[in-house]
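In our numbering, the protein residues as written are 18 to 280.
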Ligand code: GLP
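Following this line, the structure appears as structure tokens:
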């Protein structure tokens, strides 16, 4: 696991966008796994800027989102489909038909979840999976106690997640208690994983992810088993890391080595 600690949330967004742009420059038909939540928004803004400056093109890119609320129309302001359209897809040159978000209104979730998995495989699998992390360590909507081998399926949101996400819903508006989410096994199949966390409210989840035991209690901790995971965090989210200085030192050495290689 590579741990990149940067001074600010803006640095995290910049670094993340660079990773995604580099990935697309290496493989124009990259399959991206995308995330919602407030954390990736700044990275999406950087991608929009890069696309408008023609530094990157999404024309051949496909995307699969992690999750969707159950019961919301795709046009509902809080649906994750709507979020992705507003925050990214409407502003870049990706083909809308190449963007995929789980169907939160499926009449048969077993079937639609399997179809989502099959479509990912058909496209050759996810090349780069972007993740945020919940305060309780969830990835996607894989809440604590989720099977570490799970596939795309319906999950019941934890009271903590419902409370954390209540800020996005209007007072009195019905907030979904269920979601459809890629499983942890689905996420682990991605060739690369990039997880973002910013702000001190994420510091415990980040410490559990990087330095805790692998456990369904902290679903993100399974990423310790993934051969290519990069965790990009700001200083506030890194506050509880016991080996903070070591991670900074590794990145320092990496930078020196890459400069040396270019000489
Ligand atoms: C949401 C999403 C996750 C996201 C997390 C953190 O509920 N399902 O994919 O990573 O919670 O959200 P935020 O970035 O707003 O803290």
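A virtual CB, placed ideally from N, CA and C, is assigned to each residue, including glycine.
Should the stretch 104 to 119 be regarded as contacting the stretch 227 to 239, the criterion being three or more beta carbon pairs within less than 8 Å? no
Quick one: residues in its chain with C-beta nearer than 8 Å to the C-beta of residue 252, no 5 flanking neighbours on either side, listed in chain order? 22, 23, 24 and 25
First and last residue of the beta strand (DSSP E) that includes residue 146? 145 to 148
Terminal residues of the continuous alpha helix (DSSP H) containing residue 158? Per DSSP, residue 158 lies in no alpha helix (DSSP H) segment and is marked neither H nor E.
Closest to residue 20 by CA distance: which of 275, 262, 162 and 273 is it? 262
Just to check my reading of the structure: residue 239 and residue 165 have Cβ atoms closer than 8 Å, yes? What is that Cβ distance to the nearest angstrom? 5 Å
Return the chain-ordered list of same chain residues with a C-beta closer than 8 Å to the C-beta of residue 68, the five sequence neighbours on each side being excluded. Taken in chain order, the residues that qualify are 74, 75, 108, 109 and 110.
Helix, strand or coil: how does DSSP classify residue 23 here? strand
Out of curiosity, what's the CA-to-CA distance linking residue 79 and residue 48? 5 Å
Please state if the CB of residue 201 and the CB of residue 167 are separated by a distance shorter than 7 Å. Going by C-beta atoms, residue 167 is nearer than 7 Å to residue 201.
Nearer than 6 Å: is that true of the beta carbon of residue 75 relative to any heavy atom of ligand 1? no
Look up residue 99 in the DSSP assignment and say whether it is helix, strand or coil. helix
I'd like to confirm something about residue 28: is its beta-carbon nearer than 6 Å to some heavy atom of ligand 1, or not? no
Report yes or no: do three or more beta-carbon pairs, one from the stretch 218 to 226 and one from the stretch 145 to 159, lie closer than 8 Å? yes
Does ligand 1 have even one heavy atom less than 6 Å from the beta-carbon of residue 84? Correct: residue 84 has its Cβ closer than 6 Å to ligand 1.
Report the three-state DSSP secondary structure of residue 247 (helix, strand or coil). Of the three classes helix, strand and coil, the one that applies to residue 247 here is strand, per DSSP.
Under the three-state DSSP convention, the category residue 48 falls into: strand
Candidates 92, 77, 145 and 55: which alpha carbon is nearest residue 36's? 145
Can residue 87 and residue 193 be called in contact, C-beta distance under 7 Å? yes
Sequence-distant residues of its chain with Cβ nearer than 8 Å to residue 141 (five each side left out): 48
Pairwise C-alpha distance: residue 143 and residue 46: 11 Å
What is the DSSP secondary structure of residue 171, reduced to helix, strand or coil? strand
Please list, in chain order, all residues of the same chain as residue 92 whose beta carbon is under 7 Å from its beta carbon, the five residues on each side excluded. 99
When you compare only the Cα positions, how much space is there between residue 127 and residue 170? 7 Å
Would you kindly report the start and end of the unbroken beta strand (DSSP E) that includes residue 195? 195 to 198
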